[in-house]
Amino acid sequence: MTENMIENTSSNDGQEKIGVYVCHCGTNIAGVVDVVQVAEWAAKYLKHRGVVIAREYKFMCSSLGQELIEKDIKELGLNRVIVAACSPHLHEKTFRTACANAGLNPFLCEMVSIREQVSWVHTDKAAATAKAKAMISGGVERVRHHVPLEPMTVPINPATLIVGGGIAGIQSALEIADAGFHVYLVEREPSIGGHMAQFDKTFPTLDCSACILTPKMVDVGSHPNITLLTWSEVEKVEGYVGSFTVTVRKKARKVDEELCTGCGICQEKCPKKVIDNVFEAGLGYRKAVYTPFPQAVPNFPVIDVPNCTYYEKGTCKACEIFCAPKAIVFDQQDQILTLKVGNIILATGYDLFDARRMTNYGYGRLPNVFTSLEMERLFNAAGPTNGNVVLRDGKTTPQSVGIIHCVGSRDKNFNNYCSVICCMQSLKFAHLVHERTGATVYNFYIDIRAAFKDYDEFYQRVLEEGTLFVRGKVAEVSDVPRVESEKGKLIIQVEDTLIGKQRRIPVDMVILSAGLEPRKDSKETARTFGISCSANGWFTEKHPKLDPVATMTEGIYIAGCAQGPKDIPASVAQGAAAAARVLGKIEQKAVALEPIRASVVEERCSGCRICNGLCPFNAITFHEDRMVTEINPALCQGCGTCVAACPAGAITGTGFSNDQIMAQIEGLMMLNVEPEPVAA
Amino acid sequence: MTEALTISSTPVSDPKQIEDLTLLKEVASRTAGVSNLEMCIQCGTCGGSCPSAVEMEDTPRRLFAMLRAGMREEALKSNTPWICVSCYHCVVRCPQNIHIPDVMYTLKTMAVDAKLVQDSTAPDFSQTFVDMVEDYGRSFEIGLASRHYLKHFPLRLTNMVPMGMGMLSKKRMNLTPTRIKNMKQLKAILKRAKELEAEQ
Amino acid sequence: MSDYILYPGCSMETGARAYYDSLKAISKPIGLNLKEIDDWNCCGATEYFGISKTPAYALIARNLALAAEQAANGTRKVVAPCSACYLNLAKADHYMREQPKLGRQVNEALAAGNLSYKPGSLDIHHLLDVIIYDIGLDVVEKNVVRPLKGVRVAPYLGCMVPRPDYDHRWSDHDLPVELDMLLKTLGADVVDYPLKTECCGGHMPQISPATAFEMLRRLISVADERDTDVMTTICPMCQLNIDGYQGEMNGFFGTNYHMPILFFTQLMGLAFGIDPKELGFGLELVSARNVLDAIGVKAPPETPPAPPRRPRKPEGLPMPTPLANPQIETLKKEVTK
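Residue numbers (numbering that gives the first Met the number 0), protein chains in the order written: chain A, 0 to 679; chain B, 0 to 199; chain C, 0 to 336.
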C-alpha cells in the first residue's frame, strides 16, 4: 500500500495553517483505525499541504478535547481545523463552537467522518486506516478552500400552526396558547377530538375517554389565543422557520358559524340517514347535516354535500326551514385563508389498518367479526347501541368472544412493525366484554407487550377475571362447521403454541385488534411541508432518541401517531414536547440560519428547469420573465440536490462550492488506497 | 463482591447438542430458495392453518423450535413433514415469509438419508413414484398403485375394486407405461443431478 | 389466436383425460393455440422434492429447457392445466432465480443432457389464469350459446394455483373470485363455496387414508349442504380425489354422498354448445349426468324471476362495504362490456 505517498500537485503557499484532530471515540474508531499512526502520518505527510499540527485524542468532543483545539488556534494561529471523528450530524456544532470560542470563524472547521464511514463499516484494519488517511487528505484539501461565513438571522413570527386536532395537537395547542402565543389549529374533520373522542375507556386506568378529553376540547374552543379551523385543510406551505406562509382551505360548512347556535334542530329534522364511516366507524348512522358527536367542538354542524337531498334534487331544505337563526347557507363557498406563522407542529394521527385485507379473518364477510374501532363504538354509551355489546343483528348478547391481536401488524404481508397499542387495547376489550356481558373471553396473542407503567398490572387483572389466553397467531376465522358444536358459530382456528396443538374454538363474536397505519395521504402531507417520512409513511424525526419531535426541516415539529404508533400518554407527552420546542424557538425571537446554501450563477443558468422540481424544501422559483432559476437563501437547507443536478454547473453551494468538492476529490485521489478485499 | 462477578454456567448434559446448533442452518441451506427459516417468531400461524395438523406429531412451528434447539434425531423422526399436504396455506399467511413446505421437503430428504423415518408408507410411495419416473420419464399410476397398495394397504384393495375397475374401464388408467423418447438424456441429467446433490 | 406452449402433465393423458379432451374442444373457439412441449417428462409432482432436491429440480428444468428451446421460435408463454405441474414449473423458475446456487447446479445437471435453462426466460401460467387474464371473460361470454342456467356449481380450485402465487396474479389466497366469475359468465348458478381453496388431501389417500377421507368429507359435505349440483375444479388431483375416492370415503364414514366433480373446461364446452362426448363427459366415476339433464332437452320450465324486493329498513348494525379490488373491478367491467 502506497499510503505514505502524497503527490505534490501544488505546494501550500503558506497562508493556510491547518490543525488535524483525530478522535479515538473510545474504541469506536480506534478499534479499527490506527488513529495514532493516522495523526503521525498527517503531521508528516500533509505538512506541505498546510497542516501545522496533527493530534489524536481519546474523545475529541470532551471538554478537554475541545480545549486542545482552542489552545492550538490561539497559540499556533491555526486558521483551518479538521476534526476526523464521527458524522457531522452529531458533533459539527460542538467543534464549530469550539473554533468560534477561540476566535476562528466556525465555518473554517471541517469534519471528516471516520467513524460512520470508516470504522463502523470496515473490518480490515490496514485498509480502514488507509481510507481514514485518504479522507483526511480530502478534508484538508477541501478546508483550504473554505471561506469565513456569517449565519443569516431571521425574526421568528410568534404564531404557530398546528395541523391535526387529536389529543396530541390539542395538547400542543393548549401548551402554546397558555404560554401567551397565538395558535392556528387546523382540523380536517368537522370537530376536533380525533380518535380519542371515539373511544369508550382508556387503558390501563379505565378512565372514560370523553370525560378526560372533552374538557380539553372545550378549552381549545374557547381559548382566546387559539383560532380553531375545523373542516379545513392545509394546501400549501411556503417560507421557512420563523416565517412560514400557509394556505388553508376552509371547506364550506354550508352553515354560518356566526349565526349558528348549535341547537341541533337541523340534525333532528334532516330526513337523510347516512352510514357514519368516520366517527361511528361504519357501525352507526348520522344525518346529512351533522356534528359527529354531541360534545363536538365547535358544535356547528356541517352539511355533507354529496349525501344531501337538496344538492341532489334541489328540494328538501328541511334544515333551512327549521333553523331559527337562519344559519343554513346552501351556496356558501370554500374559503382560502393565508396564515403567517413561525413554527408548525404536525399531529395528523393515524388510520386504522383495513382488516378486510386479511381475508382469512373474514371481516366484511362474516357479520360478527368486528374491528377494534367498531368495538370502541359498541362499548360507548353514546354509541349506536348505547353501550350494549351485541352481535351485528343489533340484539343478541354474545356468550363467547375471541379477541385477535396483531391484525395486520408484525406481519411482512401487511405491516412489519408492532402497532404498540393493540395488546393493551385487547386486554381492555377483554375486561369490558367480561364486565358488560359475562361472556367467555379468549385473547389470541403472539406476545403480550404490556411494557409501561401499570400496564402489566392490568394484564394481571384481566387474567384474574378469567380471560382465557391462547398463545398463537390466529390462522383463520371460519363459519364452516366441522362438528355439531361448531354450528352457527364463528370458529377460530389457531395453534395453541404452548401445547403445540391446533385448536378450533367456536365463539359468537370475533374482535380484530387492527394495527395502526400512517394516514393514507401522509406522504403527500410530508411533501407539502417539506419533511421526510419512512417507507411506511410515518414522519421521520430528526433523531430517533435525542430529537424525537423535531424534523430535519427547521421550524417543523411532529407529535403523536403521525410519527409512529403510540398510546395516549405518549401522544400527549409528544404534543407537550413539541410545544416546548416551539416555545423555545419563539423565545429566541430570531433564528440564525446556516449559511450553507446553494445559489444560482444567473449567467450560466440555461433555464432548463431540471432543478425546479427536485428541491425538497421548495426553495427554488423560476422567473418566467428572465428564464432563470432563483434559490431562496432562507429556504435552502444546503442539501446539494440542485447543485448535483444542474447540467450547466450553474448552481454552486456556499460551503460546498465546486472548488471545494473538486479539491476534496483531488485530496482523496492523492492517496492510492487499495480496495478492501471483499469478504467471501 | 467476587461472588457477584462469577458467572455460573449451566452444564449442558449432552455435549452433542452443542454441535447440533448448526442444524437450523443446515436445513436452511439444503432448502431450495431462500427459506427464511431462521426468521421464525413461533407465532403458530402454520400450525393453525394446517389442514392435516391433527395427524402431526409436532406442528410445523414446534418442529422449527426443535431445529433451533438442535434436536436432530427427534426432529428427523417426526412424522410432520410426511403429513404435510403442500397446500401452502401456511406460506401465504406466515408473517415472516418462511417457505414452510420446502423446509418440509428438506426434512424428508434428511430423514431418509439419516434412516430415521418411522413409518415407511409415505417415503415408500414417494420412492416408488420417483422410480417409475426415472424409468419411464412419466408417472405410471397402475404400476405405482398396485405396488404401493399391495405393500401398505392390502386390506383396502377390496374396497378399491369399484374405483379401480371404473378407472380402467373408462380408460383413465393405462395398463402399460408411457415412456418418453429421449430417456437417455433424462437419465444423464438425473445422474449428474444426483452426483451434485451428493457433493453438497 | 394466442399462442401457448402446453405442458400437459402425465394425468392429462390418463386420469384427467376428460380435462385434456375438453381443453382441446374449447381452445379453438376461445382462440387458444396450444403447442405441446416435445418429449416432455413428468414434473415429479410433490414426491420428488422429498427424495432429493437437485434431481427434483433438474427433472422439472428439463421441461423448462425444452420449452425454452421451443420458445426461441415463437411465444415464451407456457401454460399448464394441472395445478401441481404449474406450481412445479413456476417454482423451479422462481427458486433458480432466487437462489443462484440452485440455478447453477440445475444447469450443470442439464448440461449432461446438452440442455440449459436461464430462469426467467419463460412466462409460466396456469390454464385458468390464461383464460381469465389473457383470453378474457368477454371472449368466453361471446361463445356461450347454452348457458348453464339453473345448474348450481361449486367452484373448487384447490391449493397450488392461488398459493403460493409467486407472481401475485390472483385476487385472493383463500377466496379468489376468478373461477366464480368464469362460471357466472357461463350462466351457472355459482354456489358460495367457502372451501374453494382448501386441500383435497393430495397424496394422502396413499399415505394416511383416514386423514384423506376427513379432508374429502369436509369438502363434499359443505358442497352438499349448499345444494350443489356439481363441483368444478381446475386440478386433476382434486378431481381424482373427490371423484375417485368418494365411494371409499362414503364407506369409511357410512355416508351416502353423490357429489359429481367436473373440470371447468368441461363446463365451458357444455356452455359453448359442444357435444358432451367430445368433452369427456361420462369419464367421471360419480356421474354428472344431472348437469346434462339440467340444461339438456329436459330443461326445467323457466320460473319467472322474483320481483325485486323493496330495500328494507336497515336492521341491526351496518356491515362494512367490501374492499375494492381493482383486479376484480376490471374483470367485472369486462363481463358487462
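Even for Gly, the Cβ is constructed at its ideal location relative to N, Cα and C.
By the Cβ-count criterion, Ile664/A is exposed, with fewer than 16 other Cβ atoms from all chains shown falling within 10 Å of its own Cβ. Chain C has no Cβ within less than 9 Å of the Cβ of Thr44/B. Remark: C-beta atoms of Glu375/A and Gln116/A do not approach each other more closely than 9 Å.
Residue contact with chain A for Asn96/B: present (Cβ-Cβ distance below 9 Å to some residue of chain A). Contact check between the region 373–389 of chain A and the region 468–486 of chain A: fewer than three CB pairs, one atom from each, fall below 8 Å, which does not count as touching. Within the region 149–181 of chain A, no residue places its CB atom closer than 8 Å to a CB of chain C.
Put simply, the region 149–158 of chain C touches the region 195–207 of chain C. At least three CB pairs are less than 8 Å apart.
Considered as a whole, the region 282–309 of chain A harbours 283–286 as its complete beta strand (DSSP E) runs of no fewer than 3 residues, in chain order.
Under the DSSP assignment, Ile557/A falls in the beta strand (DSSP E) whose first and last residues are Ile555 to Ile557. Within chain C, not a single residue places a beta-carbon under 8 Å from that of Thr308/A; the smallest gap is close to 17 Å. The shortest C-alpha to C-alpha distance from Met110/A to any of Thr122/A, Ala83/A and Ala99/A is the one to Ala83/A. In the displayed model, Ser112/A falls within a strand according to three-state DSSP. By the Cβ-count criterion, His47/A is exposed, with fewer than 16 other Cβ atoms from all chains shown falling within 10 Å of its own Cβ. Proximity of chain B to Asn40/C at the Cβ level (cut-off 8 Å) is accounted for by Val132, Gly136, Arg137, Ile179 and Leu185, in chain order. Using beta-carbon distances, Arg285/A does not count as an interface residue toward chain C, since no partner is under 9 Å.
Of the other Cβ atoms in all chains shown, 16 or more fall within 10 Å of the Cβ of Pro291/A; this residue is therefore buried. Proximity of chain A to Leu101/C at the Cβ level (cut-off 9 Å) is not reached, the minimal Cβ distance being about 19 Å. Chain A places a beta carbon closer than 9 Å to that of Ser48/B, counting this residue as a contact.
When the beta-carbon positions are compared, Pro319/C and Phe251/C stay at least 9 Å from each other. CA-CA distance, Asn412/A to Ala41/A, rounds to 52 Å. Asn342/A is outside the set of residues whose beta carbon lies under 9 Å from a beta carbon in chain B. In terms of Cβ geometry, Pro235/C and Ser115/C do not form a close pair [threshold 9 Å].
Looking at the DSSP output, Tyr20/A shares a beta bridge with Arg54/A and Val82/A. Around the beta carbon of Gln587/A, fewer than 16 other beta carbons lie within 10 angstroms, which makes this residue exposed.
Interface annotation, Leu511/A: not in contact with chain C, CB-CB separation never under 9 Å. Using a Cβ-Cβ cut-off of 9 Å, Ala474/A counts as an interface residue toward chain B, since at least one Cβ of chain B sits closer than that to its own. Contact of Pro383/A with chain C is assigned, a C-beta pair being separated by under 9 Å. Check the Cα spacing between Gly18/A and each of Cys85/A, Leu103/A and Phe58/A: the tightest is with Leu103/A.
Chain-ordered, the chain A residues with CB closer than 7 Å to the CB of Asp57/B read Gly499.
In the DSSP assignment, Val400/A falls within the unbroken beta strand (DSSP E) covering Ser399 to Val406. Nearest CB-CB separation between Asn379/A and chain C: not below the 9 Å threshold. Minimum Cα-Cα distance from Tyr20/A among the listed residues Phe58/A, Glu232/A and Val31/A corresponds to Phe58/A. Against chain B, a Cβ distance below 9 Å from Pro208/C picks out Phe152 and Arg155. The beta carbon of Met134/A is closer than 8 Å to those of Ala83, Val111, Ser112, Ile113, Gln116, Val117 and Leu667 in its chain, skipping five residues each way along the sequence.
For Pro100/B, the uninterrupted alpha helix (DSSP H) run begins and ends at Ile99 to Asp112, by DSSP. For Leu182/C, the CB contacts under 8 Å within the same chain, skipping 5 residues up- and downstream, are Leu147, Val152, Pro154, Val189, Thr231, Phe263 and Leu266 in chain order.
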